[in-house]
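K.L.:
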Amino acid sequence: MDTIFWIFSKLLWMFLAPGKVFFILLLLGTILIWTQWQKAGRWLISIATIIFLIPTLLSLNNFLLWPLEERFSAPTELPENIRGIIVLAGAELAVTTSTRGQPSLNGAAERLTTFVALARRYPQAILIYAGGTGSLSRQNYKSNETARKLFIQLGLNTDRILFDSKARNTVENALNSFKLMGQKIEGDWVLITSAYHMPRSVGIFRKIGWDVIPYPVDYHTSGQLRLDWKFAIMHNFIQFSRGLHEWLGLGVYWITGKTSALFPKPG
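Reading the sequence shown from the start, the letters are residues 0 to 266 in numbering that gives the first Met the number 0.
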């Protein structure tokens, strides 16, 4: 059932991702304007243009990402004794790491750097790297190899870390971490992931009975909800797609009973 859900979620986003919808409409419209269905082609191109320009020019990405990132604040203080620290994969470029032989990261590198910082601050804490890969076609490239190389470069003893290399989504990140601990999860645990991804992650961990301390990183908004008229079209479009993906994820996970609440909140 987990495999079916994983494949379904990937295929669902494949057809709903704004970039793919834009490309398909633009391609079909371009083809049709050279046929007897020119009017339909013009309509498709116009719709594609609207799909691309409206969210980017109005910076709708801010209105999608801001409530996600503001849901859980980064802790100003942590307990003196931390039982363990969990970091969710998502910063790694596994294919590039494999071909180049050195750790390559995307814009979410704060997940891993914060993990290293807290690991040094709490030398007795159990460390869990919840990795794997969510790719349908490249399951042989695992994110944990990238993370391991980076941790070694930063001087973190990887013998301290429990690595999960089998997870394909956030649900499996939580479940596999739970299994790595033999279901012994008492004490204070810190969970590190991107701020926009934190509500869904916390809800998943709570659903399996694991109450974690959220430590959001990798912010994409300034903390203020406002229209931003910057003409950064591609940046805004990518961020809009990121926010839409996360809201859809919250909805699907709630409907399928994989999270404790539709929009988990602190406390």
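Where a beta carbon is used, it is the ideal one built from N, C-alpha and C, also for glycine.
So what does DSSP say about residue 91, is it helix, strand or coil?
P.N.:
Taking the first residue of the sequence shown as 1, we reach residue 91 at position 92. It is a strand residue.
K.L.:
Pull up the CB-CB distance for residue 166 and residue 131, whole angstroms please, since I reckon it's below 8 Å.
P.N.:
Working through the sequence shown from its first residue, we reach residue 166 at position 167. Working through the sequence shown from its first residue, we reach residue 131 at position 132. About 4 Å; that satisfies the 8 Å criterion.
K.L.:
Assign residue 188 to one of three DSSP states: helix, strand, or coil.
P.N.:
For the purposes of this step, residue 188 is taken as residue 189 along the sequence shown, with counting starting at 1. The answer is strand: DSSP assigns residue 188 an E or B state.
K.L.:
If you follow the alpha helix (DSSP H) that residue 173 is part of, which residue opens it and which one closes it?
P.N.:
In the sequence shown, the residue the question calls residue 173 occupies position 174. 169-179 is the span of the alpha helix (DSSP H), which, as asked, contains residue 173.
K.L.:
With DSSP run on the structure shown, which of helix, strand or coil describes residue 200?
P.N.:
In the sequence shown, residue 200 corresponds to position 201, counting from 1. Of the three classes helix, strand and coil, the one that applies to residue 200 here is helix, per DSSP.
K.L.:
With distances taken Cα to Cα, identify the nearest neighbour of residue 100 among 57, 147 and 66.
P.N.:
As a first step, residue 100 is located in the sequence shown; it is residue number 101 there, counting from the start. Ranking 57, 147 and 66 by Cα distance to residue 100 puts 147 first.
K.L.:
Which residue spans inside the stretch 11-96 form an unbroken beta strand (DSSP E) run of at least 3?
P.N.:
Counting only runs of 3 or more, we get 83-87.
K.L.:
Beta-carbon within less than 8 Å of residue 261's beta-carbon, same chain only, minus the 5 sequence neighbours each way: which residues are those?
P.N.:
Taking the first residue of the sequence shown as position 1, residue 261 is located at position 262. Contacts found: 249, 250 and 253.
K.L.:
How close, in whole Å, do the beta carbons of residue 203 and residue 169 come, if the pair is a contact with beta carbons under 8 Å?
P.N.:
Stepping through the sequence shown from its first residue, residue 203 is reached at position 204. Stepping through the sequence shown from its first residue, residue 169 is reached at position 170. 6 Å between Cβ atoms; contact.
K.L.:
For the beta strand (DSSP E) holding residue 129, just list the boundary residues, first then last.
P.N.:
Residue mapping note: residue 129 aligns to position 130 of the sequence shown, counting from 1. That run of the beta strand (DSSP E) goes 125-129.
K.L.:
Let's see if you can read the secondary structure: which residues bound the alpha helix (DSSP H) around residue 254?
P.N.:
As a working note, residue 254 is residue 255 in the sequence shown. 232-254 is the span of the alpha helix (DSSP H), which, as asked, contains residue 254.
K.L.:
Please work out which residues of its chain come closer than 6 Å, Cβ to Cβ, to residue 24, disregarding the five sequence neighbours upstream and downstream, and give them in chain order.
P.N.:
Locating residue 24 in the sequence shown gives position 25, counting from the first residue. Closer than 6 Å at the Cβ level, and outside the excluded window around residue 24, lie 43, 46 and 47.
K.L.:
Kindly give me the distance between the Cβ atoms of residue 64 and residue 242, rounded to whole angstroms, as I take these residues to be in contact under 8 Å.
P.N.:
Position 65 of the sequence shown, counting from 1, holds the residue named residue 64. Position 243 of the sequence shown, counting from 1, holds the residue named residue 242. Yes, they are in contact, since the Cβ atoms of residue 64 and residue 242 sit about 4 Å apart, within 8 Å.
K.L.:
Please name the residue, chosen from 177, 114, 94 and 192, that lies closest to residue 159 on a Cα-to-Cα basis.
P.N.:
Here residue 159 refers to the residue found at position 160 when the sequence shown is read from its first residue. Among 177, 114, 94 and 192, the Cα nearest to that of residue 159 belongs to 114.
K.L.:
Starting from the Cα of residue 231, find the closest Cα among 2, 60 and 10 and give me that residue.
P.N.:
Start at 1 with the first residue of the sequence shown, and residue 231 comes out as number 232. The shortest Cα separation from residue 231 among 2, 60 and 10 belongs to 60.
K.L.:
Going by the beta-carbon positions, is the gap between residue 245 and residue 67 smaller than 7 Å?
P.N.:
Position 246 of the sequence shown, counted from the first residue, corresponds to residue 245. Position 68 of the sequence shown, counted from the first residue, corresponds to residue 67. Their beta carbons are under 7 Å apart, which means residue 245 touches residue 67 by this criterion.
K.L.:
Take the Cβ of residue 102 as the centre, count every other Cβ of all protein chains shown within 10 Å, and call the residue buried at 16 or more, exposed below.
P.N.:
Taking the first residue of the sequence shown as position 1, residue 102 is located at position 103. Buried.
K.L.:
Where does residue 198 land, buried or exposed, given buried means 16+ other C-beta within 10 angstroms?
P.N.:
Translated into the one-based positions of the sequence shown, residue 198 becomes position 199. So residue 198 counts as buried.
K.L.:
What residues are listed by DSSP as bridge partners for residue 104?
P.N.:
Mapped onto the sequence shown, residue 104 falls at position 105. 91.
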